[in-house]
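Under this note's numbering, the very last position in the sequence shown is 222; numbers go up by exactly one each time.
Cβ coordinates follow ideal geometry from the N, Cα and C atoms, glycine included.
Bear in mind that the values here come from a model prediction, so they are computed numbers and not experimental data.
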Amino acid sequence: MDTMPDGHVGGNPYVALLLERFGTPIMTVVRSHRELRSVVSSAPPGFGTRPDEYHSDVLFLRSPLTPARMLSVVELRDGVDRAWPGRGVVSFERLSARRSESRMSRIVGTPEYRRTTIRSWSTTTRLLELLDARRTE
86 MDTMPDGHVG GNPYVALLLE RFGTPIMTVV RSHRELRSVV SSAPPGFGTR
136 PDEYHSDVLF LRSPLTPARM LSVVELRDGV DRAWPGRGVV SFERLSARRS
186 ESRMSRIVGT PEYRRTTIRS WSTTTRLLEL LDARRTE
């Protein structure tokens, strides 16, 4: 487990809290409200707007994993998978009618997968809505 100059395990205070509470390291990927807003606002054009046609997910990456490295690991099947790099994320879509042919699941056994958390586009945007609502309370 990485210990960062700020004294936090993995550079994230939540990792240390979880380790202390549960006695085992738990990988976390934490994004601020501003960072989550940036992920949503800088998504590829049309991303997540056709849920009946595409399954859209955001791969949130934990440093030092980069979008370029993750894209080198993810195999894309022509006509099924599409992926775009973002800031600390990879936006990934699978053609719904052919999602069983997607190669996205092949990342599961990789070291990079351990530094990734995947959320559907609907979950990602819903989390942003909840954070936005807290600002207006």
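Measuring CA to CA, which of the options is closest to residue i?
i	options	result
V158	Y99, T201, R172	T201
F177	R204, P110, G194	R204
L180	D142, L216, P170	D142
To the nearest angstrom, how far is it from the Cα of residue i to the Cα of residue j?
i	j	result
Y198	Y139	22 Å
R135	P98	37 Å
Can you list, in chain order, the residues of its chain with a C-beta nearer than 7 Å to that of residue i? Leave out the 5 residues immediately preceding and following it.
i	result
E186	R162, V165
L121	L212, L213, L216
Kindly indicate which three-state DSSP category residue i falls into: helix, strand or coil?
i	result
R211	helix
E160	coil
D166	strand
D137	coil
S117	coil
D91	Unreliable positioning characterises D91 in this predicted model, as indicated by a pLDDT of 36, which lies under 50. A coordinate reading is not provided.
R220	helix
Tell me which same chain residues have a C-beta within less than 8 Å of the C-beta of residue i, skipping the five on either side of it?
i	result
F132	S141, W169, S176, E178, W206
ask   = Do the stretch 150-164 and the stretch 103-123 touch if we need at least three Cβ pairs shorter than 8 Å?
value = no
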